[in-house]
Amino acid sequence: VVHIKMVTPRGIIEKSCQGPRMSTGPDIHHFIMGSEGTLGVITEATIKIRPVPEYQKYGSVAFPNFEQGVACLREIAKQRCAPASIRLMDNKQFQFGHALKPQVSSIFTSFLDGLKKFYITKFKGFDPNQLSVATLLFEGDREKVLQHEKQVYDIAAKFGGLAAGEDNGQRGYLLTYVIAYIR
1 VVHIKMVTPR GIIEKSCQGP RMSTGPDIHH FIMGSEGTLG VITEATIKIR PVPEYQKYGS
61 VAFPNFEQGV ACLREIAKQR CAPASIRLMD NKQFQFGHAL KPQVSSIFTS FLDGLKKFYI
121 TKFKGFDPNQ LSVATLLFEG DREKVLQHEK QVYDIAAKFG GLAAGEDNGQ RGYLLTYVIA
181 YIR
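Quick note on numbering: the sequence shown equals residues 1 to 183 in UniProt numbering.
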């Protein structure tokens with residue numbers, strides 16, 4: 001966002017940023033865009049458009065609990081290897097998303113899902129009532145995305161994280177959009 005104009009009950013807020021981002025505090029653009037209309041109504045916005053990434057890949061990581069997920073995300077931020085997007089869902093969000101998962105149409109898929117559940121709960125010892133999941137989105141050229149993905153999954157493993165698949169990552173992102181409209 002380069003320029004934004006928002007109408008609030010107290011008046012009009014207009015903010016432009018032509019220069020580079022500085023680390024002297026939070027960016028007001030993030031507050032305004034992330035407020036989803038709770039701070040006011042955006043009446044005008046000028047955005048900088050970037051080219052569509054060459055390659056895009058979703059992913060997900062299951063953690064035994066939310067705390068280990070948070071610790072992992074902190075380490076990813078510290079190592080400066082965060083993917084294009086990363087979101088950590090707590091257990092309630094995970095269970096809600098699981099409830100919205102489409103019904104399985106084949107016996108084989110049903111068997112495979114049961115096997116995965118057995119592996120993560122019985123073999124790995126994850127408690128279904130504590131489990132949290134991070135959804136990931138990697139973007140860029142194919143080689144860098146694959147390298148970046150390995151780096152993130154290696155860090156996640158140090159915090160007890162298990163790769164949970166591309167489909168779950170994509171479904172997790174869809175869930176975040178659904179939740180925004182349910183509010």
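Glycine included, every Cβ here is placed at the ideal spot set by N, Cα and C.
Taking the CB atoms as reference points, tell me whether A156 and C72 lie closer together than 8 Å. As a first step, residue 156 is located in the sequence shown; it is residue number 156 there, counting from the start. As a first step, residue 72 is located in the sequence shown; it is residue number 72 there, counting from the start. Cβ atoms of A156 and C72: closer than 8 Å.
Alpha-carbon to alpha-carbon, R50 and E14: Sequence index remark: in the sequence shown, residue 14 carries index 14 (1-based). Sequence index remark: in the sequence shown, residue 50 carries index 50 (1-based). Using only the alpha carbons, I get a separation of about 23 Å.
CA-CA distance, P9 and T38? One-based indexing of the sequence shown puts residue 9 at position 9. One-based indexing of the sequence shown puts residue 38 at position 38. Their Cα atoms are separated by approximately 11 Å.
So, is P128 buried or exposed, given that buried needs 16 or more other C-beta atoms within 10 angstroms? For this step, residue 128 is matched to residue 128 along the sequence shown. Its Cβ having fewer than 16 others within 10 Å, P128 is exposed.
Other residues of its chain near K79: CB distance less than 8 Å, five sequence neighbours each side excluded: As a first step, residue 79 is located in the sequence shown; it is residue number 79 there, counting from the start. The residue asked about is misnamed: residue 79 is Gln in this sequence, not Lys. Correct list, in chain order: Q151 and I155.
For the structure I just gave you, are there three or more beta carbon pairs, one from the region 163 to 179 and one from the region 83 to 101, closer than 8 Å? yes
Since R87 and A134 should fall inside the 8 Å C-beta cutoff, what is the C-beta to C-beta distance between them, to a whole number of angstroms? Taking the first residue of the sequence shown as position 1, residue 87 is located at position 87. Taking the first residue of the sequence shown as position 1, residue 134 is located at position 134. Rounded, the Cβ-Cβ distance is 7 Å, consistent with contact.
Do you know whose CA, among E149, S132 and Q130, lies nearest E139's CA? For the purposes of this step, residue 139 is taken as residue 139 along the sequence shown, with counting starting at 1. Looking at the Cα atoms, E149 is the closest of the given residues.
For A45 and T121, the rounded distance between their alpha carbons: For the purposes of this step, residue 121 is taken as residue 121 along the sequence shown, with counting starting at 1. For the purposes of this step, residue 45 is taken as residue 45 along the sequence shown, with counting starting at 1. If you take the alpha carbons of T121 and A45, they lie about 47 Å apart.
What is the C-beta distance between N65 and S132, in whole angstroms, given that I count them as a contact (C-beta under 8 Å)? Counted from its first residue, the sequence shown places residue 65 at position 65. Counted from its first residue, the sequence shown places residue 132 at position 132. That pair is a contact at about 6 Å.
Can you give me the C-alpha to C-alpha distance between M33 and A84, rounded to a whole angstrom? Position 33 of the sequence shown holds residue 33. Position 84 of the sequence shown holds residue 84. If I take the Cα positions, the gap works out to 18 Å.
Kindly provide the ranges of any alpha helix (DSSP H) runs that are 4 or more residues long and lie completely inside the region 24 to 86, ordered along the chain. 28 to 34 and 66 to 78
On the premise that G161 lies in contact with V61, defined as a C-beta separation below 8 Å, what is that separation, rounded to the nearest angstrom? Here residue 61 refers to the residue found at position 61 of the sequence shown. Here residue 161 refers to the residue found at position 161 of the sequence shown. Contact flag correct, Cβ pair sits at about 4 Å.
Let me check one thing: in DSSP terms, what residues is A156 bridge-paired to? Looking up residue 156 in the sequence shown gives position 156. A156 pairs with nothing; no bridge assigned.
Cross-strand partners of S132 (DSSP beta bridge): Here residue 132 refers to the residue found at position 132 when the sequence shown is read from its first residue. F63.
When the distance is taken between beta carbons, is I47 closer than 8 Å to V7? In the sequence shown, the residue the question calls residue 7 occupies position 7. In the sequence shown, the residue the question calls residue 47 occupies position 47. Cβ atoms of V7 and I47: not closer than 8 Å.
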